[in-house]
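*Asks:* Can you keep this structure in mind? I'll have questions shortly.
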Amino acid sequence: MSVVLRSARPYGEEPVDVALENGVIAAIAAPGTLPAGDLEVDAAGLVLLPGLVDLHTHLREPGREDAETIETGTRAAALGGFTAVHAMANTQPVADTAGVVEMVWRRGVEAGHCDVHPVGAVTVGLGGEHLAELGAMADSAARVRVFSDDGVCVSDPVIMRRALEYVKAFDGVIAQHAQEPRLTQGAQMNEGALSGLLGLAGWPAVAEEAIIARDVLLAAHVGSRVHICHLSTAGSVDIVRYAKARGIDVTAEVTPHHLILTEDLAATYDPVFKVNPPLRTEADVMAVREGLEDGTIDAVATDHAPHAHEDKDCEWAAGAFGMLGLQTALSIVVDTMVRTGRLDWRDVADRMSVRPARIGRLGDQGRPIAVGESASLVLLDPAASWTVDPTALASRSRNTPFAGRELPARVVATFLRGRPTVLDGALA
Amino acid sequence: MRHLLSTTDLTREDALLILDTAAELARVTDRAVKKLPTLRGRTVVNLFFEDSTRTRISFEAAAKRLSADVITFSAKGSSVSKGESLKDTALTLEAMGADAVVVRHQASGAPYRLAHSGWVGCSVVNAGDGTHEHPTQALLDAFTLREHLGDLQGRRIVIVGDVLHSRVARSNAHLLSTLGACVTLVAPPTLLPVGVETWPCAVSYDLDEALEGADAVMMLRVQNERMNAAFFPSTHEYSRRYGLDTRRAALLSDDAVVLHPGPMNRGMEISADVADGARSVIVEQVTNGVSVRMAVLYLVLGARAEDQGGLLPAAEAVPA
């Protein structure tokens, strides 16, 4: 099937017609000059970007299919403009063997809404003690390159060092959930004056920063690359900036919610605002925006974390950590980074597609919009706005912190290697 | 006043209304028949997810003296481990016709959640939530202090101990400062929350200095197991540096009083001599707790004095 996008604006620049055929971009030409395709898409006024790549997605399958499945999670991904997601390993059973990662990968192929790249666990059962068979996962059909115990920190410095070294053999990367466990026992929210007032156990910034500092030094020492998951504090941005200036091979991601929400939402005691790492202060929000703008932070990653309704409709301490993110990520980035003049559309493509694809070593994602390149693309309407209705999201769960909020920019169409997965804002 | 969730929500006028109402209700306690018809036909549920015999029986006594029907529901252990959620428990109680729920819960904010989640429509009274607040304890402490010291404006009150984990300290720090008192918190630095400098009180690590000329001292319970988490090295060292003994009690002003919310660790944060001494008002606190809780239930259930022809019926109107 051939598709022609009429008058699309690549990276928000001059309008062109773009023809997609056989999975690649077959032609780019002045508006009105290309012959008709099997599918014509009126893209006037729409911005064309490479399909978004999420480094950090919880699809919950296998194990918690009541909260999300690979089918529902990847529908949400496609609707959010993503053409690839990295499925985190903290499933039940944990994705710590070739068998589990291949199952996740195959279910992703069957669902067909976007590429699903399983993340392999670093340690067996996320236990932090024994390395999982990282090589077997790398060599499997799923070709795992990103390894993470996300949800749990690889806190033992020796295990972390060995993992960093070991994955060099297949160009893998360890994605660290930076949380010093002893400093965060029972932690419920950011530690500060507000946690003291609310009587909620604090999750201090230093617990994140101390691990990041240790891990960039370890990565430098053993000559490996390291990726920092969901960095959330001003101090973390400083440490990564320092490490990059020293030539250390570190990359980092920030979540959409840490770009916009602050800890004061905890005063509602509503667990829909409970997330790990916790929402921080206004100063931290400004620092992560700054870091994303100057490239210290490489990527926006959703940390899409669906939870069953009963795991959020309860008291704060009993609530699960995590928020939905796939369908709101692009809008939050537009709101916080584009509208504020911090990023242009090429930068958005860089932080939400090009760099995450490079970190995950995905060959045909995050590619330039050019003839001959893979036709995984997203078309978005920058002038549109929409109101978040939790029940209207594709996810099985409803735990979005943005319920009722009006957000800018809407995904109109998503193409996975030339095939539409979303058209007119709905699943194709 | 629909709910009582936290002392930070109370204005000075709110607090004085509760305390003055409690003073009026306290007169009932002196009668042979300690009962008023005020809340007849209303149902008060005591929902206790945490053991607390003294707070529970105090609320029971308060509700019964106002002629309310009282249902006590003890759901020991966490709602999660028990399988039934806070929400379902609350829905059940509401379905039984509760007009007010008095809730004690190990999770900070659980009463706030009950009051604001839309699960139930009844009034919610916080009887202690996690390490957040215990507003009726602070109100009974303020009531006791006012009985001995009069107006608290400018009075120096020292709160000593595990402020970090203490809902009593949080509620008192805010309420007493709202009432005009000068509050000083004294604790080892490990047992003070981050950000305590933003609280409306002074902070000191030196108990002797803080006690000099103070009008009242409130000792907080310190759990022995805190020692195992390195909050302090040993009970002996804690006691030496932060315990109230006879020598330290002598540093207080002449008419000063000693409070403790109970249960006490005698020999740890307070010596037996002081606990049983002339300055101790610890037993009075318990008595006053009933009056203060009567006032709170009366006010949240909206039984305004004018509807009843005066808060206290004439003595002869009470069946003898």
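So the sequences go chain by chain: A and B.
Counting in the working numbering, the first sequence runs from 88 upward without gaps.
Counting in the working numbering, the second sequence runs from 1208 upward without gaps.
We treat Cβ as the ideally placed atom computed from N, Cα and C, and that holds for glycine.
Does Ser227/A come out as helix, strand or coil in the three-state DSSP assignment?
*Replies:* Within the first sequence, the letter at position 140 stands for residue 227/A. Three-state result, Ser227/A: coil.
*Asks:* Since His567/A sits in a beta bridge, which residues does DSSP pair it with?
*Replies:* What the structure shows of chain A is the stretch from 88 to 515, and residue 567/A is not part of that stretch, so it cannot be assessed.
*Asks:* Listing by chain order, which chain B residues have their CB less than 9 Å from the CB of Glu397/A?
*Replies:* Counted from its first residue, the first sequence places residue 397/A at position 310. Within 9 Å Cβ-Cβ: Ser1292 and Lys1294.
*Asks:* Based on the DSSP secondary-structure assignment, which residues constitute the bridge partners of Ala114/A?
*Replies:* Looking up residue 114/A in the first sequence gives position 27. According to DSSP, which records beta bridges pairwise, Ala114/A is partnered with Ala106/A.
*Asks:* Out of Arg485/A, Pro488/A, Trp473/A and Thr478/A, which one is the CA nearest neighbour of Val499/A?
*Replies:* Here residue 499/A refers to the residue found at position 412 of the first sequence. Among Arg485/A, Pro488/A, Trp473/A and Thr478/A, the Cα nearest to that of Val499/A is on Trp473/A.
*Asks:* Go through its chain and collect everything with a Cβ distance to Phe1280/B's Cβ below 8 Å, but skip five positions before and after it.
*Replies:* Here residue 1280/B refers to the residue found at position 73 when the second sequence is read from its first residue. The answer, listed in chain order, is Val1252, Asn1253, Leu1254, Phe1255, Thr1296 and Leu1300.
*Asks:* Straight-line CA distance for Ala380/A to Arg445/A?
*Replies:* Taking the first sequence and counting its residues from 1, one reaches residue 380/A at position 293. Taking the first sequence and counting its residues from 1, one reaches residue 445/A at position 358. The sequence as given places Glu at residue 380/A; Ala does not occur at that position. Going by the C-alpha atoms only, they are around 18 Å apart.
*Asks:* Any C-beta of chain A sitting closer than 8 Å to the C-beta of Pro1520/B?
*Replies:* Your numbering for residue 1520/B matches position 313 in the second sequence. Bear in mind that the predicted position of Pro1520/B carries a pLDDT of just 48, short of 50, making it too unreliable to give a figure here.
*Asks:* Identify, in the order they occur along the chain, each residue of the same chain with its Cβ nearer than 7 Å to the Cβ of Arg504/A, setting aside the five sequence neighbours on each side.
*Replies:* Position 417 of the first sequence holds residue 504/A. Cβ within range, chain order: Gly110, Ser461, Ala462 and Ser463.
*Asks:* When you compare only the Cα positions, how much space is there between Val91/A and Gly459/A?
*Replies:* One-based indexing of the first sequence puts residue 91/A at position 4. One-based indexing of the first sequence puts residue 459/A at position 372. Straight-line Cα distance between these residues: approximately 15 Å.
*Asks:* Scan the region 1385-1406 of chain B for residues whose Cβ lies nearer than 9 Å to a Cβ of chain A and list them as they occur along the chain.
*Replies:* Within the region 1385-1406 of chain B, the qualifying residues are Leu1399, Pro1400, Val1401, Gly1402, Val1403, Glu1404, Thr1405 and Trp1406.
*Asks:* Does DSSP put Thr1442/B in a helix, in a strand, or in coil?
*Replies:* As a working mapping, residue 1442/B is identified with position 235 in the second sequence. Looking at Thr1442/B - three-state DSSP - the assignment turns out to be helix.
*Asks:* Determine, for His1576/B, whether the minimum Cβ-Cβ distance to residues of chain A falls below 8 Å.
*Replies:* This structure cannot speak to residue 1576/B, because chain B is shown only from 1208 to 1527.
*Asks:* Please report the distance separating the alpha-carbon of Asp258/A from that of Asp1258/B.
*Replies:* Here residue 258/A is taken as the residue at index 171 of the first sequence, counted from 1. Here residue 1258/B is taken as the residue at index 51 of the second sequence, counted from 1. Answer to the nearest angstrom: the Cα atoms are 55 Å apart.
*Asks:* Give the straight-line distance between the Cα atoms of Ala256/A and Leu352/A, rounded to the nearest whole angstrom.
*Replies:* In the first sequence, counting from the first residue as 1, residue 256/A sits at position 169. In the first sequence, counting from the first residue as 1, residue 352/A sits at position 265. Near 44 Å, if we compare the C-alpha coordinates of Leu352/A and Ala256/A.
*Asks:* Could one say the Cβ of Trp403/A lies closer than 8 Å to chain B's Cβ atoms, at least one of them?
*Replies:* In the first sequence, the residue the question calls residue 403/A occupies position 316. Closer than 8 Å to some Cβ of chain B, the Cβ of Trp403/A qualifies, so yes.
*Asks:* Just checking: is the beta-carbon of Leu270/A within a distance shorter than 8 Å of some beta-carbon in chain B?
*Replies:* Here residue 270/A refers to the residue found at position 183 of the first sequence. Not an interface residue.
*Asks:* Starting from Ala1394/B and walking both ways along the alpha helix (DSSP H), at which residues does that stretch end?
*Replies:* Locating residue 1394/B in the second sequence gives position 187, where the first residue counts as 1. Here Ala1394/B belongs to no alpha helix (DSSP H), and DSSP marks it neither H nor E.
*Asks:* Thinking just about the alpha-carbon of each residue, which of Gly124/A, Ala171/A and Val103/A is nearest to the one in Thr40/A?
*Replies:* In the structure displayed, chain A extends from 88 to 515; residue 40/A sits before or after that span and is not available.
*Asks:* Alpha carbon to alpha carbon, how far is Tyr98/A from Pro343/A? Give it in angstroms, no decimals.
*Replies:* Looking up residue 343/A in the first sequence gives position 256. Looking up residue 98/A in the first sequence gives position 11. Computed Cα separation, rounded: 20 Å.
*Asks:* Alpha carbon to alpha carbon, how far is Leu284/A from Arg1377/B?
*Replies:* Position 197 of the first sequence, counting from 1, holds the residue named residue 284/A. Position 170 of the second sequence, counting from 1, holds the residue named residue 1377/B. Using only the alpha carbons, I get a separation of about 7 Å.
*Asks:* Check the Cβ-Cβ distances between Ala1317/B and every residue of chain A, and say whether any is below 8 Å.
*Replies:* By one-based count along the second sequence, residue 1317/B stands at place 110. Interface residue, yes.
*Asks:* Output yes or no for whether 8 Å exceeds the beta carbon distance between Ile326/A and Ala307/A.
*Replies:* Counted from its first residue, the first sequence places residue 326/A at position 239. Counted from its first residue, the first sequence places residue 307/A at position 220. Contact: no.
*Asks:* Return the bridge partner residues of Trp290/A from the DSSP annotation.
*Replies:* Here residue 290/A corresponds to residue number 203 of the first sequence, with the count starting at 1. Answer by DSSP bridge pairing, in chain order: Asn277/A.
*Asks:* Going by C-alpha distance, which of His394/A, Leu287/A, Ile384/A and Gly406/A is nearest Ser1339/B?
*Replies:* Counted from its first residue, the second sequence places residue 1339/B at position 132. The question names Ser, but residue 1339/B in the sequence shown is His. Comparing Cα positions, the closest option is Leu287/A.
*Asks:* Given that Asp400/A touches chain B, what residues does it touch there, using C-beta distances under 7 Å?
*Replies:* Within the first sequence, the letter at position 313 stands for residue 400/A. Lys1294, listed in chain order.
*Asks:* In three-state terms, what does DSSP make of Gly156/A?
*Replies:* Stepping through the first sequence from its first residue, residue 156/A is reached at position 69. Note on residue identity: the sequence assigns Thr, not Gly, to residue 156/A. It is coil, neither helix nor strand.
*Asks:* Count the other CB atoms within 10 Å of the CB of Ser1441/B; is the residue buried (16 or more) or exposed (fewer)?
*Replies:* Taking the first residue of the second sequence as 1, we reach residue 1441/B at position 234. Answer is exposed; the Cβ neighbour count stays below 16.
*Asks:* Going by CA-CA distance only, name the one from Thr1397/B, Val1429/B, Thr1405/B and Val1393/B that's closest to Leu1414/B.
*Replies:* For this step, residue 1414/B is matched to residue 207 along the second sequence. When only C-alpha atoms are compared, the closest one is Val1393/B.
*Asks:* Considering just the uninterrupted stretch of the alpha helix (DSSP H) at Asn1253/B, what are its terminal residues?
*Replies:* Position 46 of the second sequence holds residue 1253/B. First-last for Asn1253/B: Thr1250 to Phe1255, but that is the beta strand (DSSP E), not the alpha helix (DSSP H).
*Asks:* Can you find at least 3 beta carbon pairs, one from the region 1350-1363 of chain B and one from the region 1326-1333 of chain B, that sit closer than 8 Å?
*Replies:* Touching, no, given that fewer than three Cβ pairs across the two stretches are closer than 8 Å.
*Asks:* Going along the chain, which residues of the region 277-306 of chain A sit with their C-beta nearer than 8 Å to a C-beta in chain B?
*Replies:* Hits within the stretch, in order: Glu278, Gly279, Ala280, Leu281, Ser282, Gly283, Leu284, Leu285, Gly286, Leu287, Ala288, Gly289 and Pro291.
*Asks:* Considering only the beta carbon of each residue, do Ile299/A and Glu340/A sit closer than 8 Å?
*Replies:* For the purposes of this step, residue 299/A is identified with residue 212 of the first sequence, where counting begins at 1. For the purposes of this step, residue 340/A is identified with residue 253 of the first sequence, where counting begins at 1. No, Cβ-Cβ distance for Ile299/A and Glu340/A is not below 8 Å.
*Asks:* Starting from Tyr356/A, find everything on chain B with Cβ-Cβ shorter than 7 Å and list it in chain order.
*Replies:* Stepping through the first sequence from its first residue, residue 356/A is reached at position 269. The contacting residues are Gly1316, Tyr1319 and Arg1320.
*Asks:* Return the residues of the region 1358-1380 of chain B that lie within a Cβ-Cβ distance of less than 7 Å from chain A, sorted by chain order.
*Replies:* Cβ contacts with chain A come from Arg1374 and Arg1377.
*Asks:* By the three-class DSSP mapping on this structure, what secondary structure does Arg1363/B have?
*Replies:* Counted from its first residue, the second sequence places residue 1363/B at position 156. Arg1363/B falls in the strand class under three-state DSSP.
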